[in-house]
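Quick note on this note's numbering: the sequence shown kicks off at 21 and runs consecutively. First comes the structure, then the notes that go with it.
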Amino acid sequence: MERPETEREPPPKRRKSSEEKNASGKCSSREKEAERTKRSGEAELSQQRTLPSRDSGAAAEEWTKRQVEGSNPWTGVGAEKTSAHFNHVQGASGGQTLQRHWEPCPLRRSDVPLPPGGSAGFDFTVMSYNILSQDLLVDNSYLYRHCDPQVLLWEYRLPRILREIQDHDADILCLQEVQEDHFIHQIRPALEALGYRCEYKKRTGYKSDGCAVVFKTSRLSLLSANPVEYFRRGDALLDRDNVGLVLRLSPASDPASSFCVANTHLLYNPRRGDIKLAQLAILLAEVKRTSRLPDGSTNPVLLCGDFNSTPWSPLYRFLTTGRLDYKGMAIGMVSGQEKHSRTQRQLCCPLWSKALGINSLCQYQEGNSEPNCKPQGEVQEEPGEASCESPTVEGAISDLTVEDDAPKPSQEVSQRWRVSHSLKLLSSYNHRLSPDGREEITTCHSRTAMTVDYILYTPDSPAGPSPSSSSSLPGGRGLQLLGRLSLVGSPELEQVNGLPNQNHSSDHLPLLARFRLQHR
Numbered sequence: 021m022e023r024p025e026t027e028r029e030p031p032p033k034r035r036k037s038s039e040e041k042n043a044s045g046k047c048s049s050r051e052k053e054a055e056r057t058k059r060s061g062e063a064e065l066s067q068q069r070t071l072p073s074r075d076s077g078a079a080a081e082e083w084t085k086r087q088v089e090g091s092n093p094w095t096g097v098g099a100e101k102t103s104a105h106f107n108h109v110q111g112a113s114g115g116q117t118l119q120r121h122w123e124p125c126p127l128r129r130s131d132v133p134l135p136p137g138g139s140a141g142f143d144f145t146v147m148s149y150n151i152l153s154q155d156l157l158v159d160n161s162y163l164y165r166h167c168d169p170q171v172l173l174w175e176y177r178l179p180r181i182l183r184e185i186q187d188h189d190a191d192i193l194c195l196q197e198v199q200e201d202h203f204i205h206q207i208r209p210a211l212e213a214l215g216y217r218c219e220y221k222k223r224t225g226y227k228s229d230g231c232a233v234v235f236k237t238s239r240l241s242l243l244s245a246n247p248v249e250y251f252r253r254g255d256a257l258l259d260r261d262n263v264g265l266v267l268r269l270s271p272a273s274d275p276a277s278s279f280c281v282a283n284t285h286l287l288y289n290p291r292r293g294d295i296k297l298a299q300l301a302i303l304l305a306e307v308k309r310t311s312r313l314p315d316g317s318t319n320p321v322l323l324c325g326d327f328n329s330t331p332w333s334p335l336y337r338f339l340t341t342g343r344l345d346y347k348g349m350a351i352g353m354v355s356g357q358e359k360h361s362r363t364q365r366q367l368c369c370p371l372w373s374k375a376l377g378i379n380s381l382c383q384y385q386e387g388n389s390e391p392n393c394k395p396q397g398e399v400q401e402e403p404g405e406a407s408c409e410s411p412t413v414e415g416a417i418s419d420l421t422v423e424d425d426a427p428k429p430s431q432e433v434s435q436r437w438r439v440s441h442s443l444k445l446l447s448s449y450n451h452r453l454s455p456d457g458r459e460e461i462t463t464c465h466s467r468t469a470m471t472v473d474y475i476l477y478t479p480d481s482p483a484g485p486s487p488s489s490s491s492s493l494p495g496g497r498g499l500q501l502l503g504r505l506s507l508v509g510s511p512e513l514e515q516v517n518g519l520p521n522q523n524h525s526s527d528h529l530p531l532l533a534r535f536r537l538q539h540r
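As structure tokens, this is what we get:
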């Protein structure tokens, strides 16, 4: 979901920052009345629900079956009427679905014949899906004025989301905007009944949603699970509640092998690329730590999520090339969500506080004592935000290794204004549709249609279209991309009245990719 980011405020006196007001605008009285009507309808539908507890396996399985079949899982007053009305909504709207197909990708190392008795490795599928939190949908109802109000109700959306998950039958699910109460009482019991184990991290503060990583226990074992919080008390840059989750998994068929799966949902605000980069640095540091093996080598990595950044944006290039030179870069251009920056503020050097304990290689580091560097040009501070010279961002973090023992002053300057990472990531998608080159779309609502969701991976060979694939993991322990579920463009989404609609119950499309992990 594309939406303005709210500030940390305890309920019930929840205030919006000037930043959020500017981004979202004011809803008309007509919109507010529509929202009140919808909330009232949801409250009525919520009466007398009966849900299985987490531990009631048979009840959970039966409830899941009803969900996946699309029937109303609750009994009580109005249940028959609700189910009949939902069927009417779907029939009246034509029931059009997006046509997505499986795209096989050319194999790389597996093209070489295996030796006698050799194993092809462990093949598995990964889905990344922002399922659209109901609380956020209600709070940002102006984004869904194009939708039939009935298809926005959670009672309508939940069984279709579960059915979509079951139909794709992925081995690993990376889910974003998973509302905590829905996760505890509905989503987790349903997925556990399908043979999944669920790891969850709620956003910090008073946010009601979070990220989940879910995997089939019949195929994978959990070695470690590390939640990641981006909020840092007292740091004016890292004052948002976004989170991540990093797991290390092992194939049941090959316990000696393992790989790292990370899931996140970065800040939405298009004008705060500085915050997004700092959040990403925290995640990459944890991924690097989790993926490191005792012998010094690194496990393969899958990095999934809603990054609220478009392809070919500076943040995306940073992920896929491993380097970002940010001197003179406008903060509002980092994510590529807006064609023209609404602010002239530029990224500062260093990008984040020395106190964060993360260096410019996006790795954890202690006792960093590097020279400070001043911001470029004159910067107009926004109210409540820290300048580059504030105590929260003192100390430079430039420690890149250079070939020359005595680098030239120009080299020193360029290195100060650079961050990098060593994960060597590729995208599972091309971001353009063939054969006409139209842009792929992963999220769509009344305000925008663009790609912000990704499944990134570490490749097993140096062959590849991206500079990030110039080196690979030792011993061919990377991942081979075997195929992916195709995406669509804007014309196809217009034909189904955008997202969400009667058949697609989120404002994001699920991404699905298949990989091969070579046995060690």
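Even glycine gets a Cβ: it sits at the ideal position worked out from N, Cα and C.
- Between G503 and P126, the C-beta gap is not smaller than 7 Å, which leaves the two residues out of contact.
- Three or more beta-carbon pairs separated by less than 8 Å are not found between the region 293-301 and the region 266-283, which leaves the two stretches without contact.
- In this structure, T330 and S361 do not form a Cβ contact; the two beta carbons are roughly 14 Å apart against a cut-off of 8 Å.
- Apart from sequence neighbours up to five positions away, the residues of its chain that approach G141 with a beta-carbon distance below 6 Å are R536, L537, Q538, H539, ordered along the chain.
- For T478, same chain residues with a beta-carbon under 7 Å away, outside a window of 5 residues either side, are P320, V321, L443, K444, L445, L493, G498, L499 in chain order.
- Among the bridge pairs identified by DSSP, C218 is matched with V234.
- Residues of the same chain with a CB within less than 8 Å of the CB of L152, apart from the 5 flanking positions on each side, are M21, R177, E197, P520, S525, S526, D527, H528 in chain order.
- Residue burial is scored here from C-beta neighbours: A276 has fewer than 16 other C-beta atoms within 10 angstroms and is therefore classed as exposed.
- Secondary structure at G325: strand, using DSSP grouped into helix, strand and coil.
- T318 sits buried, since 16 or more C-beta atoms from the chains shown fall within 10 Å of its C-beta.
- Judged by DSSP secondary structure, T310 falls within the alpha helix (DSSP H) whose first and last residues are 293-311.
- By the C-beta criterion, the region 364-371 is judged to be in contact with the region 342-353, since at least 3 inter-stretch pairs fall below 8 Å.
- When DSSP states are grouped into helix, strand and coil, W332 belongs to the coil group.
- R467 and L156 have their C-alpha atoms spaced approximately 15 Å apart.
- Looking at the DSSP output, T463 sits in a beta bridge with M470, H528.
- DSSP places Y384 in the strand class (E or B) of the three-state scheme.
- By the Cβ-count criterion, W174 is buried, with 16 or more other Cβ atoms from all chains shown falling within 10 Å of its own Cβ.
- Between S273 and L243, the C-beta spacing is not below 7 Å.
- Under the three-state reduction of DSSP output, I151 falls in the coil class, being neither helix nor strand.
- Straight-line spacing of the CA atoms in L381 and T237 works out to 35 Å.
- DSSP, read as helix, strand or coil, puts E358 in coil.
- Scanning its chain for C-beta atoms nearer than 6 Å, with the 5 sequence neighbours on each side dropped, one finds around A305 the residues I378, C382, Q383, Y384, in chain order.
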